Amino acid sequence: MRGALAVCAALLGLLAPTTAGAAAFPKPSELSKTAGQKFHIKVAQTGKYVTLSNTDQGILTGALRVQAGTPATGDAGLPHVFTLHTSRQTENDLYGETVTLRSAQNGLYAAAEMDYLERWGVIRAQSEGPIGEEARFTLEKPDSEKDEYALKSNTTGKYLSARDNATDKGLLIANQESARGWERFVLEPVPGPGALAQAPAAAPKSLDVMSWNACLNNGTKDVGTGALRCPLYKSTAVNFATEFMAQLKEHEEKVLGTPKPGDPRPEDLRPDIILLQEFCEKYARPLEDALEANRSEWDVRFAPIEYKVRASGKDAPLKAQKPCARDVNGVDRGAYGVAIAVPDENKFYEAHSLTSPADEMVTNLDGSVKVNPDGTTTVTKKKEQRTALCATVPSWSVYACTAHFSHGGEADAATRLAQSEELRAASAKATAKGYRVIVGGDLNAAPGDPVAKSFYDAGHQECDAKDRPATPTEPATKKDRPTTTGNNVKYDYVFAPANSSWTFCRVASAPPVDKPHRSDHYVVRGDVSLG
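Right, here's the structure in full:
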């Protein structure tokens, strides 16, 4: 188990700006919690790659330079790796209209430096966030026949350039009026984890599995009371971890009763697998630390929900990560998406991009998309591009996945069905490799909907699918028991293989009388026996 001081130091390293080159970089392992798409950025003119400099100091600390001929792999290659993010300056802005780069090495956003005249417009990965205007760039496609992009700074109004001359020496500077060779970049996706390995021989195993839509990024208020429907909206990372662990304790007391002095618990009732939706990226490490208190090591992984990126008025074949709203103290919470927590023996995790709704476009009277004179189209609403996140626990021969399907009512029903088919296809591939597959999350579909029905019809055993009589501490369970507080329907599920059996299931719909609901979704949690 990591010591508390080591963990705190790592977290401070993640959030604090570097001040003196390579020695100030936090450990790469402390930053690699996300399964989101990562990129190498190549300059079209030279074929060299953008790198977070580990030698620049002073006003150039965190500068981006074009240095690498070929990006290194593994932790040594992190200075060459970046993620793509999008944000809005106002509520009227559209996600995907601007992009921001974040370094995978130091976890900081790249921004155009405006404070130093001698290096005006230089790009430095030094912003902790939230993303400001100086970190926003407009993506353009100078040549429609080439996969090259130019980035124009929102603050300087000029293009990012990587001129390798005696003065600039490969520094990225937003100071050019036009986008020629030095100003054109290729965003190369960094390869994923590779193929899923064959599972070890599967032995019988009983697991405690939990799924919860934590609703960390929804600021909707109740019409009648004005109270937040999701009290953890904008919560700090520490507060979320505290509330999460309190919720686990409440489950333990609900199942076993309030402990009495000298009454030892037969076991720690912490779940074996935790599936989370509507989660904030920078909560992954604090949650992992909280789970590890008084127990073995955990691995919490995250995958972002994204938006399609627009370049020169049209959709580019790129996606950028959606941000969580900053917390109550104005601190950046990273990207928004889904997460999974499993024992730290996990070495394989992968995100599955799911078919998602198309952006809503301005249409003609006949319903066709309106095309502007310059060939562009006008977007009226950007749609979230959903993802599923899966991880393995080799000693259990388990492949576990969390997902949050699209929520756009009947208009997105066909999309949700496609998402269910894609998730079941990923499950089938893991099954063929010898894994027992656990799938859960917020499907945004009731039990009778074709989306949920597709899992039932395929033989998947669902935690809360069988009628069971009431007990003194639990109501009867049934297939359509509500898992949401607002519209009182069942949207949340945990599925296990056809040859498994659930021995216990609970929908935690009643918090203590002195506690409000923590989310607009209830926890679904149960014990499953895997054959």
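Just so you know, the sequence shown maps onto residues -22 to -1, 1 to 509 in mature numbering (1 follows the signal peptide of the UniProt record, and there is no 0).
Yeah, the Cβ is synthetic: ideal placement off N, Cα and C, and Gly gets one too.
Predicted, not measured: the structure shown is a model, and the values here were computed from it.
Selection Ala406, Ser290, Ala396 evaluated against Lys119 yields Ser290 as nearest (Cα-Cα). Distance check between Thr48 and each of His18, Leu117, Gln299, Thr64 places His18 closest, using alpha-carbon atoms only.
Taken through DSSP and simplified to helix, strand or coil, Gly312 comes out as coil. Put simply, the backbone Cα of Arg304 is about 16 angstroms away from that of Ala113. Excluding the 5 residues flanking it on each side, Ala294 has same chain C-beta neighbours closer than 6 angstroms at Val287, in chain order.
Rounded to whole angstroms, the separation of the alpha carbons of Ala423 and Gly386 is 11 angstroms.
Under the three-state reduction of DSSP, Ser105 is assigned to strand. Judged by their CB atoms, Thr358 and Cys368 are not nearer to each other than the 9 angstroms cut-off. By the CB criterion at 9 angstroms, Phe257 and Gly197 fall outside the cutoff. Closest in alpha carbon position to Asn466, among Val485, Leu129, Thr64, is Val485.
For Tyr434, there is no enclosing beta strand (DSSP E); the enclosing alpha helix (DSSP H) covers residues 428 to 435. In the three-state reduction of the DSSP assignment, Gly55 falls in the helix class, which pools H, G and I. Shown here, Gly419 sits in a strand according to DSSP, grouped into three states. Taking C-alpha positions only, Arg102 is separated from Gln299 by approximately 20 angstroms.
For Gln397, the enclosing alpha helix (DSSP H) covers residues 391 to 410. The shortest CA-to-CA distance from Lys16 to any of Gly25, Thr39, Leu79 is the one to Leu79. As DSSP reads the structure, Gly36 sits in no beta bridge. In the structure shown, the three-state DSSP call for Arg263 is helix. Here Ala403 is exposed. Its C-beta has fewer than 16 other C-beta atoms within 10 Å.
Contact between the segment 264 to 272 and the segment 425 to 444 is not established, with fewer than three Cβ pairs separated by less than 8 angstroms. Restricted to the segment 130 to 179, the beta strand (DSSP E) segments that are unbroken, complete and at least 3 residues in length are 137 to 139, 151 to 154, 163 to 167, listed in chain order.
Fewer than three Cβ pairs drawn from the segment 393 to 403 and the segment 219 to 236 lie within less than 8 angstroms of each other, which leaves the two stretches out of contact. One thing to note: Glu328 has its Cβ no nearer than 9 angstroms to the Cβ of Gly107.
Three or more beta-carbon pairs separated by less than 8 angstroms are not found between the segment 19 to 38 and the segment 335 to 349, which leaves the two stretches without contact. Rounded to the nearest whole angstrom, the C-alpha separation of Asp344 and Ser384 is 27 angstroms.
Considered as a whole, the segment 184 to 239 harbours 215 to 234 as its complete alpha helix (DSSP H) runs of no fewer than 4 residues, in chain order. Here the segment 82 to 97 lies against the segment 40 to 59, with 3 or more beta-carbon pairs under 8 angstroms apart.
Measuring C-alpha to C-alpha distances from Asn307 to each of Leu86, Asn342, Thr214, Tyr261 identifies Thr214 as the nearest. The beta-carbon distance between Gly110 and Ala89, rounded to whole angstroms, is 7 angstroms. This is short enough to meet the 8 angstroms contact definition. Membership of Arg288 in the beta strand (DSSP E) is indicated by the continuous run 284 to 289. Membership of Pro295 in the beta strand (DSSP E) is indicated by the continuous run 292 to 299.
If you check the CB distance, Ile416 and Phe473 come in under 9 angstroms.
Arg43 and Glu91 have their C-alpha atoms spaced approximately 14 angstroms apart. Nearest in C-alpha terms to Pro178, of all of Gln154, Tyr377, Thr203, Arg503, is Tyr377. Of the residues Ala224, Ala430, Thr76, the one whose Cα lies closest to the Cα of Glu284 is Thr76.
Judged by DSSP in its simplified three-state form, Arg66 adopts coil rather than helix or strand.
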